[in-house]
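Novice: Respectively, the protein sequence lines represent chains A and B.
In our numbering, each number is its position in the first sequence, counted from 1, plus 45.
In our numbering, each number is its position in the second sequence, counted from 1, plus 45.
Please read through the structure below; I'll follow up with questions.
There are 2 protein chains.
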Amino acid sequence: MEPIRTRMTALARRVQDQVCTAIEALDGTAMREETWERPGGGGGTSRSLQDGHVFEKAGVNVSAVHGELPEGAVAAMRERKQNLPDGRAFFATGVSLVLHPRNPFCPTVHANYRYFELAGGAAWWFGGGADLTPAYLFDDDARHFHRVHKAACDKHDPAYYPRFKKACDTYFRIVHRDESRGVGGIFFDDLDEGGAEPLFALVADLGDAIVPAYFPIARRRAKHPYDESHRRWQQIRRGRYVEFNLVYDRGTVFGLKTDARIESVLMSLPLTARWEVADRPEPGTPEAALLEVLRHPRGWT
Amino acid sequence: MEPIRTRMTALARRVQDQVCTAIEALDGTAMREETWERPGGGGGTSRSLQDGHVFEKAGVNVSAVHGELPEGAVAAMRERKQNLPDGRAFFATGVSLVLHPRNPFCPTVHANYRYFELAGGAAWWFGGGADLTPAYLFDDDARHFHRVHKAACDKHDPAYYPRFKKACDTYFRIVHRDESRGVGGIFFDDLDEGGAEPLFALVADLGDAIVPAYFPIARRRAKHPYDESHRRWQQIRRGRYVEFNLVYDRGTVFGLKTDARIESVLMSLPLTARWEVADRPEPGTPEAALLEVLRHPRGWT
Numbered sequence: 046m047e048p049i050r051t052r053m054t055a056l057a058r059r060v061q062d063q064v065c066t067a068i069e070a071l072d073g074t075a076m077r078e079e080t081w082e083r084p085g086g087g088g089g090t091s092r093s094l095q096d097g098h099v100f101e102k103a104g105v106n107v108s109a110v111h112g113e114l115p116e117g118a119v120a121a122m123r124e125r126k127q128n129l130p131d132g133r134a135f136f137a138t139g140v141s142l143v144l145h146p147r148n149p150f151c152p153t154v155h156a157n158y159r160y161f162e163l164a165g166g167a168a169w170w171f172g173g174g175a176d177l178t179p180a181y182l183f184d185d186d187a188r189h190f191h192r193v194h195k196a197a198c199d200k201h202d203p204a205y206y207p208r209f210k211k212a213c214d215t216y217f218r219i220v221h222r223d224e225s226r227g228v229g230g231i232f233f234d235d236l237d238e239g240g241a242e243p244l245f246a247l248v249a250d251l252g253d254a255i256v257p258a259y260f261p262i263a264r265r266r267a268k269h270p271y272d273e274s275h276r277r278w279q280q281i282r283r284g285r286y287v288e289f290n291l292v293y294d295r296g297t298v299f300g301l302k303t304d305a306r307i308e309s310v311l312m313s314l315p316l317t318a319r320w321e322v323a324d325r326p327e328p329g330t331p332e333a334a335l336l337e338v339l340r341h342p343r344g345w346t
Numbered sequence: 046m047e048p049i050r051t052r053m054t055a056l057a058r059r060v061q062d063q064v065c066t067a068i069e070a071l072d073g074t075a076m077r078e079e080t081w082e083r084p085g086g087g088g089g090t091s092r093s094l095q096d097g098h099v100f101e102k103a104g105v106n107v108s109a110v111h112g113e114l115p116e117g118a119v120a121a122m123r124e125r126k127q128n129l130p131d132g133r134a135f136f137a138t139g140v141s142l143v144l145h146p147r148n149p150f151c152p153t154v155h156a157n158y159r160y161f162e163l164a165g166g167a168a169w170w171f172g173g174g175a176d177l178t179p180a181y182l183f184d185d186d187a188r189h190f191h192r193v194h195k196a197a198c199d200k201h202d203p204a205y206y207p208r209f210k211k212a213c214d215t216y217f218r219i220v221h222r223d224e225s226r227g228v229g230g231i232f233f234d235d236l237d238e239g240g241a242e243p244l245f246a247l248v249a250d251l252g253d254a255i256v257p258a259y260f261p262i263a264r265r266r267a268k269h270p271y272d273e274s275h276r277r278w279q280q281i282r283r284g285r286y287v288e289f290n291l292v293y294d295r296g297t298v299f300g301l302k303t304d305a306r307i308e309s310v311l312m313s314l315p316l317t318a319r320w321e322v323a324d325r326p327e328p329g330t331p332e333a334a335l336l337e338v339l340r341h342p343r344g345w346t
């Protein structure tokens with residue numbers, strides 16, 4: 046059998062293909078592809094769509110990079126993880142996507158699955174997750190998204206979903222607003238327990254879960270009637286998405302401080318966003334109902 | 046004579062009045078005022094305007110707050126400044142403003158002047174500055190803005206302007222884009238050399254310089270004809286403004302991590318912003334000319 050690093054790179058590409066096929070089918074627009082090389086080693090392929098029929102902005106990136114980690118990056122890892130081997134040689138591969146639909150009733154989705162090796166594989170781990178960010182809450186959508194992810198997790202260990210769901214609510218918190226970014230999903234990092242083969246199988250199933258978890262929702266909401274007031278609220282929520290990603294998201298903050306490819310790091314940002322002086326919704330409105338759930342995350346399965 | 050803290054609070058209010066009078070006269074719109082109290086001590090007054098005729102969003106805030114600094118804040122200060130006195134009692138007062146005009150040819154302006162005391166005045170310093178952020182470059186505007194600030198500085202010490210101009214170019218750098226936020230101005234922090242009275246006189250003159258430095262430019266550019274392509278570029282540059290403020294601006298980053306009033310901390314963000322997949326301007330265009338100056342800051346006096 047091929048080593049995990051090779052199979053994970055192939056998995057990332059397969060997920061990219063699956064998701065891009067679903068995007069193009071729903072949107073009726075061909076995505077633009079750009080292949081790039083990393084000066085220090087490796088490279089990636091970005092597929093993107095802007096100003097489509099359904100998606101205002103969509104990016105699906107894969108990369109497989111290797112080389113020497115900067116000192117600062119290694120120091121940060123050592124703070125997080127005990128007993129790391131000496132050496133700064135690394136390999137990292139994964140798939141990362143953010144889809145921002147135009148329709149305010151159609152939620153944004155983010156997913157990312159990645160595999161990391163240090164010192165030629167002497168240490169390795171998986172990280173990733175998927176989460177849903179609506180501007181207007183449909184319980185059915187949140188339930189569907191969570192159920193599909195729970196089913197994929199449960200095939201491997203019934204303890205995974207509750208743990209990853211909780212980690213997702215903790216991670217995607219806009220602390221200064223005391224709000225979650227969205228209605229959550231799953232999140233894990235530094236996952237190396239129980240061996241690489243079972244974890245690779247888990248991540249493969251989670252990668253395959255993206256299309257069935259999200260696209261039935263997108264198809265259902267993409268043509269929901271809306272007016273300027275809905276669009277305004279969506280734009281305010283997009284502003285919150287920007288706040289989370291630039292202030293808290295580990296991958297973004299890390300990417301901005303290293304020599305990462307800036308277009309890939311910031312592809313998660315929406316096409317447009319809005320910050321008003323006073324943006325509190327009136328009590329009893331659908332906008333206030335969303336905020337209530339963002340303040341107090343709930344269970345969806 | 047009243048102590049500096051009292052006179053600086055009055056100065057902040059006077060600058061707020063001056064600038065708001067100029068905004069209202071140019072825009073033809075009354076600003077909205079909100080007074081707030083800080084649970085730990087003190088408070089402030091925010092004046093704002095949204096969706097005006099000239100200004101898409103404008104905020105002019107004053108505050109005078111006191112109490113006990115969080116441990117983390119004191120630790121950060123001690124890293125920056127030697128020989129700070131013991132104790133966490135603080136007093137801070139100042140004025141802060143960001144004006145985002147609607148017209149893409151009319152630049153954004155930011156200014157902030159503040160006075161800080163630690164341990165009942167055992168340590169104190171002034172901080173502040175003013176900078177101009179155009180989406181389209183007019184050399185005359187940049188020159189005028191810099192000259193007015195140079196004249197205010199030169200009254201006090203001819204060494205100030207070159208030093209503060211350089212500090213401004215260094216500070217307002219969007220490092221991950223290798224671009225400055227705008228065409229600069231002046232910036233200083235931790236200024237305590239030569240005694241409080243001469244520095245208060247400097248800051249008073251700089252506060253009074255905001256209206257003559259900016260409003261002649263705003264009046265000149267507010268009715269410049271523009272089309273959707275200019276507006277799009279302005280929105281992309283507004284995205285960069287958001288990136289700088291959320292990732293690098295000390296006051297914003299510090300405010301997000303403490304119990305500061307979030308509406309005041311984020312009032313600097315534009316009403317709307319835009320992030321495109323590929324946003325490089327064509328060589329030889331006015332958009333490319335701006336980028337060239339942002340990459341390589343130049344002298345304006």
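In this text, a Cβ means the ideal position worked out from N, Cα and C, and glycines have one as well.
What you are looking at is a predicted structure, and each value in this text was computed from that prediction instead of being measured.
1) Counting only runs of 4+ residues fully inside the segment 103-185 of chain B, write out the alpha helix (DSSP H) ranges in chain order.
2) Classify ARG92 (chain A) as helix, strand or coil using the three-state DSSP reduction.
3) Taking 7 Å as the limit between beta carbons, can you name the residues of its chain near TRP278 (chain A), skipping five residues before and five after?
4) Using C-beta distances below 6 Å, list every residue in its chain close to GLU101 (chain B), excluding the 5 sequence neighbours before and after it, in chain order.
5) Is the segment 191-202 of chain A touching the segment 292-303 of chain A in the sense that three or more CB pairs, one from each, lie closer than 8 Å?
6) Report the start-end ranges of each beta strand (DSSP E) in the segment 196-275 of chain B that is 3 residues or longer and not cut off at the edges.
7) In the DSSP assignment, find the beta strand (DSSP E) that holds GLU308 (chain B) and state where it starts and stops.
8) Quick one: does ILE307 (chain A) have its CB under 8 Å from some CB of chain B?
9) Going along the segment 207-221 of chain A in order, which residues come within less than 8 Å of chain B, judged by CB to CB distance?
10) Mind checking which residues open and close the alpha helix (DSSP H) that includes ARG340 (chain B)?
11) At a CB-CB cut-off below 9 Å, which residues of chain A make contact with TRP81 (chain B)?
12) By the 8 Å beta-carbon criterion, what residues does the segment 311-330 of chain A contribute toward chain B?
13) Taking only beta-carbon positions, decide if SER93 (chain B) is within less than 8 Å of chain A.
14) Using the beta-carbon of each residue, which ones in chain A are nearer than 7 Å to GLU288 (chain B)?
15) Around the Cβ of SER368 (chain A), are there at least 16 other Cβ atoms within 10 angstroms (buried) or fewer (exposed)?
16) Taking only beta-carbon atoms, is LEU336 (chain B) less than 8 Å away from chain A?
17) Between B:GLU327, B:ARG50, B:ARG285, which has its C-alpha nearest ARG218 (chain B)'s C-alpha?
18) Can you find a C-beta in chain D that's less than 8 Å from the C-beta of LEU301 (chain B)?
19) Against LYS102 (chain A), what residues of chain B qualify as contacts under a CB-to-CB distance less than 9 Å, listed in chain order?
20) Under 8 Å: do the segment 322-330 of chain A and the segment 47-56 of chain B share three or more Cβ pairs, one atom per stretch?
21) How long is the line joining the alpha carbons of GLU69 (chain B) and TYR158 (chain B), rounded to whole angstroms?
22) Within 10 Å of its beta-carbon, does HIS341 (chain A) have 16 or more other beta-carbons around it, so buried, or fewer, so exposed?
23) Can you have a look at GLN61 (chain B) and say buried or exposed, based on whether 16 or more other CB atoms are within 10 angstroms of its CB?
24) If distances are taken between C-alpha atoms only, which option among B:SER91, B:ALA164, B:GLY240 comes closest to LEU142 (chain B)?
25) Under the rule that 16 or more other beta-carbon atoms within 10 Å means buried, what is ASP235 (chain B), buried or exposed?
26) So, for TYR259 (chain B): in the same chain, excluding its five sequence neighbours on each side, which residues have a beta-carbon less than 6 Å away from its beta-carbon?
27) For the beta strand (DSSP E) holding THR346 (chain B), just list the boundary residues, first then last.
28) Can you tell me whether DSSP reads GLY97 (chain B) as helix, strand or coil?
29) Mind checking which residues open and close the alpha helix (DSSP H) that includes ARG69 (chain A)?
30) Beta-carbon within less than 8 Å of TRP169 (chain B)'s beta-carbon, same chain only, minus the 5 sequence neighbours each way: which residues are those?
31) Which residue or residues does DSSP assign as beta-bridge partners of ALA318 (chain A)?
32) Go ahead and pull the three-state DSSP assignment for GLY87 (chain A).
33) Rounded to the nearest angstrom, how far is the Cβ of GLY174 (chain A) from that of PHE245 (chain A), given a contact under 8 Å?
34) Alpha carbon to alpha carbon, how far is TRP345 (chain B) from PRO207 (chain B)? Give it in angstroms, no decimals.
35) Where ALA212 (chain B) and ASP176 (chain B) are concerned, what is the direct C-alpha to C-alpha distance, given to the nearest angstrom?
Specialist: Judging by the given coordinates:
1) 116-125
2) strand
3) PRO149, ALA180, GLU332
4) HIS145, ARG147, LEU316
5) no
6) 230-236
7) Careful: GLU308 (chain B) lies outside any beta strand (DSSP E), inside the alpha helix (DSSP H) at 307-310.
8) yes
9) VAL220, HIS221
10) 331-340
11) What TRP81 (chain B) touches in chain A: nothing, since even the nearest Cβ is about 13 Å away.
12) LEU311, MET312, LEU314, PRO315, LEU316, THR317, ALA318, ARG319, TRP320, GLU321, VAL322, ALA323
13) yes
14) LEU291
15) Since the first residue shown for chain A is 46 and the last is 346, residue 368 (chain A) is missing from the structure and cannot be characterised.
16) no
17) B:ARG285
18) Of the chains in the structure shown, none is chain D; the protein chains are A and B.
19) TRP320, GLU321, VAL322
20) no
21) 21 Å
22) exposed
23) buried
24) B:SER91
25) exposed
26) VAL154
27) Here THR346 (chain B) belongs to no beta strand (DSSP E), and DSSP marks it neither H nor E.
28) coil
29) In the sequence on display, residue 69 (chain A) carries Glu and not Arg. Where GLU69 (chain A) is concerned, the enclosing alpha helix (DSSP H) stretches over 49-72.
30) ILE49, TYR160, PHE161, GLU162, LEU163, ASP237, ALA241
31) B:ALA318
32) strand
33) GLY174 (chain A) to PHE245 (chain A), Cβ: 16 Å. No contact.
34) 11 Å
35) 11 Å
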